[in-house]
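Peer 1: Below you'll find the structure I mean.
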């Protein structure tokens with residue numbers, strides 16, 4: 001009987017021991033689960049914070065890129081505007097230069113016409129001075145540089161001047177043998193003069 005009680009007591013003690021150990025194991029598992037849960041929550045919190053940081057960084061980068069693009073667009077627009085203005089100024093300058101050349105050409109042509117008119121009404125014996133004046137006007141025209149459109153007019157006017165000067169020289173020589181040449185030079189003079197005026201007018205209208 002005594003041994004039976006001792007056996008029962010040992011069994012009871014063993015059972016309590018096993019229960020205690022089981023409770024300890026359960027408590028440890030619960031503790032580990034709680035720790036894992038807390039770690040998971042902390043990780044999720046860190047991930048959420050990192051996500052917000054990444055989102056904010058992307059937003060700032062997008063705003064910066066947008067601002068840079070706007071600034072670049074502004075600079076491009078300014079460059080285009082500046083280039084357009086420079087082109088317009090260059091064009092206006094070119095037009096003004098052509099106008100100045102046209103005016104210079106017409107001034108010389110008018111001077112020639114006046115001198116030619118005077119020479120045409122001057123007596124043969126006094127014509128030398130007028131021919132000298134005509135030659136000076138021709139030299140002035142020869143020295144001038146004009147833009148491409150006007151150069152053919154200059155060429156024709158120079159040829160007209162040459163014909164007029166030769167005509168006056170032949171006239172001063174008072175030689176019947178030169179009358180035919182005078183007539184030819186006179187015809188050439190009027191033809192070249194008309195051609196030069198026609199070219200000049202076309203150049204002026206083209207501006």
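Numbering (the UniProt record's numbering), first residue to last: 1 to 207. Think of the CB as a built atom: it goes at the ideal place given N, C-alpha and C, for glycine as much as any other residue. Since the model is a prediction, treat every value here as computed from it, not as a measurement.
1. Let me confirm a value: residue 216 is counted as buried when at least 16 other C-beta atoms fall within 10 Å, else exposed. Which label applies?
2. Report yes or no: do three or more beta-carbon pairs, one from the stretch 137-144 and one from the stretch 183-195, lie closer than 8 angstroms?
3. Just tell me which of 191, 192 and 169 has its CA closest to the CA of residue 182.
4. Assign residue 156 to one of three DSSP states: helix, strand, or coil.
5. Whose CA, out of 55, 196 and 68, lies closest to the CA of residue 141?
6. Can you grab the Cα-Cα spacing for the pair residue 70 / residue 61, in whole Å?
7. Reducing DSSP to helix, strand and coil, say where residue 203 ends up.
8. Please report the straight-line C-alpha distance between residue 198 and residue 114, rounded to a whole angstrom.
9. Sorted by chain position, which residues of the same chain lie with C-beta nearer than 8 angstroms to residue 165's C-beta, five sequence neighbours on each side aside?
10. Does DSSP classify residue 145 as helix, strand or coil?
11. Would you check if the stretch 71-78 and the stretch 97-115 touch, i.e. whether three or more CB-CB distances between them fall below 8 angstroms?
12. I'd like the ranges of any beta strand (DSSP E) spanning at least 3 consecutive residues and lying wholly in the stretch 64-103.
13. May I ask you to report which of helix, strand or coil DSSP gives residue 54?
14. Compare the beta carbon distance of residue 150 and residue 190 with 8 angstroms and say whether it is the shorter of the two.
15. Determine the direct distance from the alpha carbon of residue 202 to that of residue 144, and round the result to whole angstroms.
Peer 2: Taking the definition as stated:
1. In the structure as shown, the chain starts at 1 and stops at 207, and residue 216 therefore has no counterpart that could be examined.
2. Too few Cβ pairs lie closer than 8 angstroms, so no.
3. Here residue 182 refers to the residue found at position 182 of the chain shown. Among 191, 192 and 169, the Cα nearest to that of residue 182 belongs to 169.
4. Counting from 1 along the chain shown, the entry for residue 156 is found at position 156. Helix.
5. In the chain shown, residue 141 corresponds to position 141, counting from 1. Cα-wise, what sits closest to residue 141 is 196.
6. As a first step, residue 70 must be located in the chain shown, where it is residue number 70. As a first step, residue 61 must be located in the chain shown, where it is residue number 61. Distance between the alpha carbons of residue 70 and residue 61: 14 angstroms.
7. For the purposes of this step, residue 203 is taken as the residue at position 203 of the chain shown. Reduced to three states, the DSSP call for residue 203 is helix.
8. Sequence index remark: in the chain shown, residue 198 carries index 198 (1-based). Sequence index remark: in the chain shown, residue 114 carries index 114 (1-based). Each residue's alpha carbon lies about 19 angstroms from the other.
9. Indexing the chain shown from 1 puts residue 165 at position 165. Hits under 8 angstroms: 131, 134, 135 and 138.
10. For this step, residue 145 is matched to residue 145 along the chain shown. Looking at residue 145 - three-state DSSP - the assignment turns out to be coil, as it is neither helix nor strand.
11. The stretch 97-115, when compared against the stretch 71-78, does not touch it at the 8 angstroms Cβ threshold.
12. none
13. Residue 54 sits at position 54 when you count from the first residue of the chain shown. Correct three-state label for residue 54: helix.
14. Locating residue 150 in the chain shown gives position 150, counting from the first residue. Locating residue 190 in the chain shown gives position 190, counting from the first residue. In this structure, residue 190 does not lie closer than 8 angstroms to residue 150 by Cβ.
15. Your numbering for residue 144 matches position 144 in the chain shown. Your numbering for residue 202 matches position 202 in the chain shown. Answer to the nearest angstrom: the Cα atoms are 19 angstroms apart.
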